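Written out below as structure tokens is the structure these notes cover.
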Amino acid sequence: MKSIQARLSHRFRKPLAMDKPSSSNSNRMSRSTSNCRSPAIVRGPLSSEEFQDPATAVATHQRLFWSGQRGSTAGRDDKNKPDSTAAAGKKKPPTSTRQSNFTQTERSRTQRKLSTRSTRCNSVAVTALVSRENIPQTSGYRRPEDLTARCSASHEGRKLLQERLTVRVDALFNMLFSASPFLQSFHERRKSTDLNMGVWARNAGGQNQRTVSMTVTLQANVGPKTAKITETQTMRECSQPGQLYSIDVQSVNADIPYADTFVVLMHFCLKATVEEHTDVLVFAQIQFLKSVWAVVKTFIERNAYAGLEEFCQSLYSALLIEIRKR
Numbered sequence: 001m002k003s004i005q006a007r008l009s010h011r012f013r014k015p016l017a018m019d020k021p022s023s024s025n026s027n028r029m030s031r032s033t034s035n036c037r038s039p040a041i042v043r044g045p046l047s048s049e050e051f052q053d054p055a056t057a058v059a060t061h062q063r064l065f066w067s068g069q070r071g072s073t074a075g076r077d078d079k080n081k082p083d084s085t086a087a088a089g090k091k092k093p094p095t096s097t098r099q100s101n102f103t104q105t106e107r108s109r110t111q112r113k114l115s116t117r118s119t120r121c122n123s124v125a126v127t128a129l130v131s132r133e134n135i136p137q138t139s140g141y142r143r144p145e146d147l148t149a150r151c152s153a154s155h156e157g158r159k160l161l162q163e164r165l166t167v168r169v170d171a172l173f174n175m176l177f178s179a180s181p182f183l184q185s186f187h188e189r190r191k192s193t194d195l196n197m198g199v200w201a202r203n204a205g206g207q208n209q210r211t212v213s214m215t216v217t218l219q220a221n222v223g224p225k226t227a228k229i230t231e232t233q234t235m236r237e238c239s240q241p242g243q244l245y246s247i248d249v250q251s252v253n254a255d256i257p258y259a260d261t262f263v264v265l266m267h268f269c270l271k272a273t274v275e276e277h278t279d280v281l282v283f284a285q286i287q288f289l290k291s292v293w294a295v296v297k298t299f300i301e302r303n304a305y306a307g308l309e310e311f312c313q314s315l316y317s318a319l320l321i322e323i324r325k326r
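Residue numbers are given in the UniProt record's numbering: position 8 of the sequence shown equals residue 8, and the series is strictly consecutive.
Rendered as structure tokens:
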């Protein structure tokens, strides 16, 4: 009987009427013992359903304990839930683990791509720099310091032509100022007759000079249809083979009105470039030997410059065709 009462008293933590001590010391001891007990252990009055025998109670406790542990996720959620309270007492916005991981992954991939691209660009730039430094100077190029010749002419008058031709300066000089097949065929296409081209020889001043004469066809609607032209071509002393040819040309007309009142002065400047090309400059001016009326002077200048411009453009077109053939 005492063992059953002790077990019931230990199970339900409530002294029964038969266990109450009679002395005041026992009462003080029981009060001190009840005060020392944990508040979590103190329970309210039992219902009729909880009044079971110890074996049934233990079985029920085990069943409820395991079922609660399997079915509930409150403990795990509380354990894994981050603290959303900041130091200042404000709540932090909820962060998603998957989203942050994805963002970090994409960020790392982007950084790797950028670093790879920068590495490739740097390597290409270095390679290009090295390749440029290792390019040898070809024979078709000349150094600027090798071209020291300068034209001594003042280049006065009207500019008729300024072009760069992809041909060596010596070859161009031979095409224009020698009895070349190109020059002969050019005058034939222009229906020039009585072509006579002299050779270069030194004059009294020590300069190379030659004389060219021909009969040209005039394009004017009124007046004579042909004119006889005599050219005196003089090479300046500044000319150097392979670099520069400076040629002055004086043209005297005949068989046209007022032919004895003016002469046509032209200047050809053929200058070599570092690319083994040739810069061509042609200037012209009308020099009057006698005074004439203003109306006549204007008429002569207008027609003379028109004929010179047409001649230079026709010569340039013919040169381009001839250079393409080479």
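Virtual Cβ for every residue (Gly too), placed ideally from N, Cα, C.
As the structure is a computational prediction, the values presented were derived from the model and not from experiment.
Original post:
For Y245, which of helix, strand or coil comes out of DSSP?
Top reply: strand
Original post:
For the putative contact between F262 and F288, defined by C-beta atoms under 8 Å, what is the C-beta separation to the nearest angstrom?
Top reply: 5 Å
**OP:** Measure the C-alpha to C-alpha separation of C151 and F186 and round it to an integer number of angstroms.
**Re:** 27 Å
Original post:
In its own chain, which residues sit with a C-beta less than 6 Å from the C-beta of Y245, not counting the 5 before and 5 after it?
Top reply: F173, S239 and L270
Original post:
Under a three-way DSSP split, which group does D167 fall into?
Top reply: For the record, residue 167 in the displayed sequence is Val; it is not Asp. The answer is coil: DSSP assigns V167 none of H, G, I, E or B.
**OP:** Quick one: which unbroken beta strand (DSSP E) runs of 3-plus residues sit fully inside the region 212-244? Chain order, please.
**Re:** 226-235
Original post:
Is the region 188-198 touching the region 296-309, taking contact as three or more C-beta pairs under 8 Å?
Top reply: no
Original post:
Assuming L165 contacts T278 under a Cβ cut-off of 8 Å, what Cβ separation, rounded to an integer in Å, is found between them?
Top reply: 5 Å
Original post:
Closest to residue 354 by CA distance: which of I323, I229 and V282 is it?
Top reply: The question about residue 354 has no answer here: the residues shown for the chain are numbered 1 through 326.
Subject >> A179 in three-state terms, based on DSSP >> reply: Residue state, collapsed to three classes: coil.
**OP:** Please state if the CB of T230 and the CB of Q209 are separated by a distance shorter than 7 Å.
**Re:** At a Cβ-Cβ threshold of 7 Å, Q209 and T230 do not count as neighbours.
**OP:** Quick one: residues in its chain with C-beta nearer than 6 Å to the C-beta of A149, no 5 flanking neighbours on either side, listed in chain order?
**Re:** Q240, Q243 and L244
**OP:** Take V280 as the anchor and find which of I256, V167 and D146 has the nearest alpha-carbon.
**Re:** V167
Subject >> Environment of I300 [buried if 16+ CB atoms lie within 10 Å] >> reply: buried
Original post:
Is DSSP giving S161 helix, strand or coil here?
Top reply: What sits at residue 161 in the sequence shown is Leu, not Ser. Three-state DSSP puts L161 in a strand.
**OP:** Following the continuous alpha helix (DSSP H) through A304, name the residue where it begins and the one where it ends.
**Re:** A294 to K325
Original post:
So who's on the other strand from Q285, going by DSSP bridges?
Top reply: L265
**OP:** May I ask which residues mark the beginning and end of the beta strand (DSSP E) holding T148?
**Re:** It is not in any beta strand (DSSP E) - T148 carries neither H nor E in the DSSP assignment.
Original post:
Alpha carbon to alpha carbon, how far is residue 356 from M266?
Top reply: What is shown of the chain runs 1 to 326, which leaves residue 356 out entirely.
**OP:** Just confirm the distance between the C-beta atoms of A284 and R158, as a whole number of angstroms; I'd bet it's less than 8 Å.
**Re:** 6 Å
Original post:
Which residues in the same chain have their Cβ closer than 6 Å to the Cβ of S32, if we skip the five residues on either side of it in sequence?
Top reply: Per-residue confidence for S32 stands at a pLDDT of 47, beneath the threshold of 50, marking its modelled position as unreliable; the derived number appears in the next sentence. So the list is empty, once near-sequence residues are dropped.
**OP:** Compute the distance between the beta-carbons of T211 and T217, then report whether it is under 7 Å.
**Re:** no
Original post:
Where does D183 land, buried or exposed, given buried means 16+ other C-beta within 10 angstroms?
Top reply: Here residue 183 is Leu; the residue named in the question, Asp, does not match the sequence. Classification of L183: buried, given that the 10 Å Cβ count is 16 or more.
**OP:** Could you please give the first and the last residue of the uninterrupted beta strand (DSSP E) stretch that includes D194?
**Re:** T193 to M197
Original post:
Between P257 and the rest of its own chain, which residues show a CB-CB distance below 6 Å, the 5 nearest in sequence each way excluded?
Top reply: none
Original post:
Less than 6 Å between the CB of N196 and some heavy atom of the ligand COA, yes or no?
Top reply: This structure lacks the ligand COA, and indeed carries no ligand of any kind.
**OP:** Using the Cα positions of R326 and T273, report the straight-line distance between them to the nearest angstrom.
**Re:** 19 Å
Original post:
Taking the alpha-carbon positions, what's the residue 327 to L308 distance?
Top reply: There is simply no residue 327 to check, as the chain begins at 1 and stops at 326 in what is shown.
Subject >> Three-way DSSP call (helix, strand, coil) for A254 in this model >> reply: strand
Subject >> Alpha-carbon spacing of R324 relative to E276, whole angstroms >> reply: 16 Å
Subject >> L320 burial status per 10 Å Cβ neighbour count (16 or more: buried) >> reply: exposed
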